[in-house]
Structures are given as structure tokens and as C-alpha cells.
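Novice:
In UniProt numbering, the protein residues as written are 1 to 126.
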């Protein structure tokens, strides 16, 4: 991940960050995070599928915008560890990309597919 400090007056198109070769501007990140935050504003806490992706960054920023505690959920956690994290955190939502596979169960909160909340027509690097 490359954090570049966001747009500057001399280079407004400069990406705010780049993850896995995918750049994202500060306005695009803000718009995406605001869309996610609207879905979680009443959450007690949210679990974020903590992969090295723009989706994870947007989910964490959304939690900050919504004033909701964000709990990282390691992608390599097994069923018991995942259940423990979700139960102890009290997460009421799970933020992840739509292709993330999670088993159904009493300890798994509803999925908020953050990639589907990205504003329409917002390409990487916007």
C-alpha cells in the first residue's frame, strides 16, 4: 500500500493511496466511504474482512466516518477464531467484498458488500 497524502493544489489528480496497483483519489475514497457509512450508521460495531485491498481501506474509513468501532477480521482466521472475534466484538455487520465467502451461522453478522456500494462510474484512480 502506498499512502501519498492525497491531492495537492499543484497536482489535484494525484491518488490519495494505491493498493495492489489500484490508485484511488481522496474524493473517490470519501464518496465510497460515505456510501458505506450510510449502511452502518446504527451499528454497534463492524467487523472488516482485513484483506490488503481498496475495499478494506474504504470499509475502515467508513467506520471512522460513521463513528462505529471497526474490528479487523483476519482472512486466514479459522471458524473458531472468527466466531470468537465476532462474538467478543459485538459486531452487528460484516464489511467485505461481495466475493468473500463466509459460512452462515449464529455468530456471523449480515454482510455489507462494500464493493457494491462504490459510487457508479467511479473508476480506480478517480
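From the three backbone atoms N, C-alpha and C, an ideal C-beta is built for every residue, glycine too.
Taking 7 angstroms as the cut-off, decide whether the C-beta atoms of residue 38 and residue 48 are in contact.
Specialist: Cβ atoms of residue 38 and residue 48: not closer than 7 angstroms.
Novice: Per the contact definition of three or more C-beta pairs closer than 8 angstroms, is the region 86-95 in contact with the region 26-45?
Specialist: The answer is yes - the region 86-95 touches the region 26-45, with three or more Cβ pairs under 8 angstroms.
Novice: In angstroms with no decimal places, state the Cα-to-Cα distance between residue 118 and residue 20.
Specialist: Taking the straight line joining both Cα atoms gives about 18 angstroms.
Novice: Does residue 1 pass the burial test, meaning 16 or more other C-beta atoms within 10 Å, or should it be called exposed?
Specialist: At residue 1, the pLDDT of 49 sits below 50, so the modelled position is not reliable; the number obtained from the coordinates is stated separately. Looking at its Cβ environment, which holds fewer than 16 other Cβ atoms inside 10 Å, residue 1 is exposed.
Novice: My output table needs one value for residue 22: the three-state DSSP class, helix, strand or coil.
Specialist: It is a strand residue.
Novice: Within the UniProt domain "AMP-dependent synthetase/ligase" (12-98), note down every full alpha helix (DSSP H) run reaching 4 residues or more, in order along the chain.
Specialist: Listed in chain order, they are 26-40, 54-66 and 79-89.
Novice: Strictly by DSSP, which residues pair up with residue 111?
Specialist: In DSSP, residue 111 forms a bridge with 94.
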